[in-house]
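Asks: Counting in our numbering, the sequence shown runs from 25 upward without gaps. Below: one structure in structure tokens.
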Amino acid sequence: MKKIYTYVLTDDERSELESLVRSNKTAADKLKRAQLILKAEAAPSGPGLSDSEVARALGRSQSTVERLRTRVCAEGPLACLYPKKRDRLYERVMDGAAEAKLVSLVCSSPPDGYGRWSLGLLAERMVALEYVPHLSDESVRQTLKKMNLSLG
């Protein structure tokens, strides 16, 4: 099958990637990406390997090689040395008012039958009192840590 995304490196790009591969002070993931970019190049002077051969040579999957080749064509080889920026944004569950209610709940006495508040118990109580629609104990932990509060 013919490759849709092919690229040819300039002399400057090739020399920079080769110096990264030769140096001993390169992060492992950056080194693997540089090796992959060099091996997957479609230049007549390049190795001219197929995606499966590049994947086998570097211990990566063929889909990883295909994705990086596509990314090199879109962003350039030097931009692909670093991990892709994540574009997913998480909406905050707790605003300032909910955080204040959590603090007041932590400072109050725990329910009957409990010696102290747990993260899960706080999360359940916040939802039961309808301060927030849903809440995990990890969100409670992060909020308490941000405010330098401790349950212990």
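All residues carry an ideal CB built from backbone N, CA and C; glycine is no exception. Computed from a prediction, not measured in an experiment: that's the story for all the values here.
#1: Unbroken alpha helix (DSSP H) runs of length 4 or more, entirely within the region 146 to 172: which are they?
#2: Near Ser163, what residues of its chain come up, given a Cβ to Cβ distance below 8 Å and the 5 sequence neighbours on each side ignored?
#3: For Thr88, report the span of its alpha helix (DSSP H) as first-last.
#4: What would DSSP say about Val32, mapped onto helix, strand or coil?
#5: Quick check on this structure: which residue in Leu168, Pro135, Arg38 and Thr50 has the alpha carbon closest to the alpha carbon of Leu126?
#6: Just how far apart, CA to CA, sit Glu123 and Arg110?
#7: Look at the Cβ atom of Met150, then the Cβ atom of Leu159, and state whether they are nearer than 9 Å.
#8: Rounded to whole angstroms, what's the CA-CA distance from Thr94 to Ala81? Just pull it up for me.
#9: Which residue from Ala51, Leu145, Gly137 and Val45 puts its Cα closest to that of Val130?
#10: What do you get for Val32, buried or exposed, if any count of 16 or more other CB atoms within 10 angstroms of its CB means buried?
Replies: The short version:
#1: The region 146 to 172 contains these whole alpha helix (DSSP H) runs: 161 to 170.
#2: Excluding sequence neighbours, Ser163 sits near Val117, Met118 and Ala147.
#3: For Thr88, the uninterrupted alpha helix (DSSP H) segment begins and ends at Gln86 to Glu99.
#4: Reduced to three states, the DSSP call for Val32 is coil.
#5: Ranked by Cα distance from Leu126, the first of Leu168, Pro135, Arg38 and Thr50 is Leu168.
#6: So the alpha carbons of these two residues sit roughly 27 Å apart.
#7: Yes, they are a contact pair.
#8: Spanning the alpha carbons of Thr94 and Ala81 requires a straight line of approximately 19 Å.
#9: Between Val130 and the set Ala51, Leu145, Gly137 and Val45, the nearest pair of CA atoms involves Leu145.
#10: Exposed, because fewer than 16 other Cβ atoms sit within 10 Å of the Cβ of Val32.
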